[in-house]
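As structure tokens, the structure follows; a few thoughts come after it.
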């Protein structure tokens, strides 16, 4: 089913909302909102989950132009991230395998969720690194 009602970045706001406690979130994207809007499931169905991919996320926000421009921008972002991780210290190089899993799994998710998990992975791995390095040097 075609629709001319684009969301113009509404789903990207979920990135910011995920850092808030669940009770304080204002933008909540339901798991089956996409399926109901595009006629994949009935309008009354509130229990069947229908998710969309990165390409679907770009399409429902900006249409075909969003797919073309958005996939190019995502490719540039991932390339910059790859070069940064590979050409820095050993700690960041070790994050890359975990990050690669997040990105590949995230192809089937909202773009905002992928970037949220990338940020969270950096935070968690940095905390682990700092704790281990401090522990190593505090025992000498």
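In our numbering, the protein residues as written are 753 to 892.
For every residue, glycine included, the Cβ atom is placed at its ideal position computed from N, Cα and C.
Fair warning: this is a prediction, and the values are worked out from it, not measured in the lab.
Could you pull out every residue in the same chain whose Cβ sits closer than 6 Å to the Cβ of residue i, ignoring the five residues on either side in sequence?
{"i": "residue 764", "result": "864"}
{"i": "residue 777", "result": "769"}
{"i": "residue 812", "result": "759"}
{"i": "residue 866", "result": "858"}
{"i": "residue 810", "result": "818, 819 and 822"}
May I ask you to report which of helix, strand or coil DSSP gives residue i?
{"i": "residue 769", "result": "helix"}
{"i": "residue 801", "result": "coil"}
{"i": "residue 777", "result": "coil"}
{"i": "residue 796", "result": "coil"}
Buried or exposed: which applies to residue i, given that a residue is buried once 16 or more other Cβ atoms fall within 10 Å of its Cβ?
{"i": "residue 818", "result": "buried"}
{"i": "residue 859", "result": "exposed"}
{"i": "residue 857", "result": "exposed"}
{"i": "residue 846", "result": "exposed"}
Between residue i and residue j, what straight-line distance do the alpha-carbon atoms span, to the nearest angstrom?
{"i": "residue 873", "j": "residue 851", "result": "7 Å"}
{"i": "residue 822", "j": "residue 883", "result": "37 Å"}
{"i": "residue 833", "j": "residue 759", "result": "27 Å"}
{"i": "residue 899", "j": "residue 826", "result": "Outside the shown range of the chain (753 to 892) lies residue 899, about which nothing can therefore be said."}
{"i": "residue 839", "j": "residue 876", "result": "21 Å"}
{"i": "residue 815", "j": "residue 797", "result": "25 Å"}
{"i": "residue 849", "j": "residue 855", "result": "10 Å"}
Can you tell me where the alpha helix (DSSP H) with residue i in it begins and where it stops?
{"i": "residue 807", "result": "806-838"}
{"i": "residue 854", "result": "842-858"}
{"i": "residue 786", "result": "785-789"}
So, for residue i: in the same chain, excluding its five sequence neighbours on each side, which residues have a beta-carbon less than 7 Å away from its beta-carbon?
{"i": "residue 805", "result": "859 and 860"}
{"i": "residue 767", "result": "864, 867 and 868"}
Leaving aside the five residues before and after residue i along the sequence, list all residues of the same chain whose C-beta is less than 8 Å from its C-beta, in chain order.
{"i": "residue 878", "result": "none"}
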